[in-house]
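Heads up, the thing below is written out as C-alpha cells.
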Amino acid sequence: MLKKRIIVCLDVKDGRTTKGVKFLNNIDIGDPVEMAAEYYRQGVDELVFYDIMASARGRGPILDLIANVASQVFIPFCVGGGITTIDDIRSTILAGAEKVSLNSQAVKNPELIREGARIFGNQCIVLGMDAARDVSKPSGYSVFINGGRVDTGLDAREWAQKAVALGAGEIVLNSIDADGTKEGYEIPLTRMIAESVPVPVIASGGGGTPEHLASVLTDGKADAALIASMVHSGAYTIGTIKNELKTLGVPVRS
C-alpha cells in the first residue's frame, strides 16, 4: 500500500489564519507564516493555504503572503482562493506554490482546469470541492461554492468526474457537514469519490483524532487526510498523529 499523506490546512482571512465550524464563526488563531514553519518542523507532508475571502471579495491571491509561507517550507504547498485566470495560476506558482486549488472558479469557468493542466501540468491543478448532503442528488451530495455559501446544484460525483476529465490531477474533498466538528470525516462521501476517479483524493472536514484519520485513509479510501483543528488547537502534533497511525497499521511517511 502506498504511504498516506498528512496535510495541514491553513484557512487565511485578512492575512491571518482562521478557523470556524461549517464555515461559520471564524476566529483568529495565528500568523500563517509562523504556523507553516512550525508544521514543517513537525514533519507535515504537505501544506494547503486557502484564502477563504478572496472569491467572495472578487480579488486575487495575496502573493507576498504566499511567498513568505513558501520561504519557510520545503514540501509541496498548495494555494487556493481568488485564482480566476491563467495569470493568477502562473503568479501563484512563481510565488512559490507547487499546486493551485480551483474551487469556485472551476465551477464558474471549467475551461480554467483544462487550460491550467495544459500549460502547467495536471499535477499542478487541484480541484477543491465543498460538498454537503442533498438527497435530491444522484450521489446524495451537492457541490457548494463561495466558501459554502452558494449551492451550485451540481452533483458531487458527476462534478468530480468532469473535473478530472478536464485535467484536475487531485481532489481536495471537503465535507461541509463535518467541517470543523472534529467528529470524524464523511466516510461514505470520501469513499464514493475515491472510487469514482483515477486521481488522488484528499479527505477534508471533521478530523479530530488519529482514529478518524485511520478510518478515512482505509475505509474511506483517501490517499491523504487534511487536518486543521486537531493541530491548531495544540491537542496533537504531526509526530504524535503519525506515530498513532503507524500503531493503527496505516502506512504513513516518516
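Numbering-wise (the UniProt record's numbering), the sequence shown opens with residue 1 and increments by one.
Think of the CB as a built atom: it goes at the ideal place given N, C-alpha and C, for glycine as much as any other residue.
Query: Nonlocal neighbours in the same chain, by C-beta distance under 6 Å from Gly169, ignoring five residues either side; Result: Asn122, Gln123, Ile125 and Val199
Query: Burial state of Ala235 (16 or more Cβ within 10 Å); Result: exposed
Query: Backbone secondary structure at Val8 - three-state DSSP; Result: strand
Query: Identity of the residues DSSP links to Cys78 by a beta bridge; Result: Val48 and Lys99
Query: Inter-residue spacing [alpha-carbon to alpha-carbon] between Leu213 and Val8; Result: 13 Å
Query: Among Val33, Leu2, Lys4 and Ile6, the one whose alpha carbon lies nearest that of Arg16; Result: Val33
Query: Residue from Ile145, Tyr39, Asp177 and Thr85 whose Cα sits closest to the Cα of Gly60; Result: Thr85
Query: Proximity of Val107 and Val143 at Cβ, strictly below 9 Å; Result: yes
Query: Integer-rounded CB distance, given that Asn174 should sit under 8 Å from Met129; Result: 7 Å
Query: Environment of Arg149 [buried if 16+ CB atoms lie within 10 Å]; Result: exposed
Query: Straight-line Cα distance separating Ile6 from Gly116; Result: 25 Å
Query: Proximity of Asp45 and Gly80 at Cβ, strictly below 9 Å; Result: no
Query: Met129 - partner residues in DSSP beta bridges; Result: Leu173
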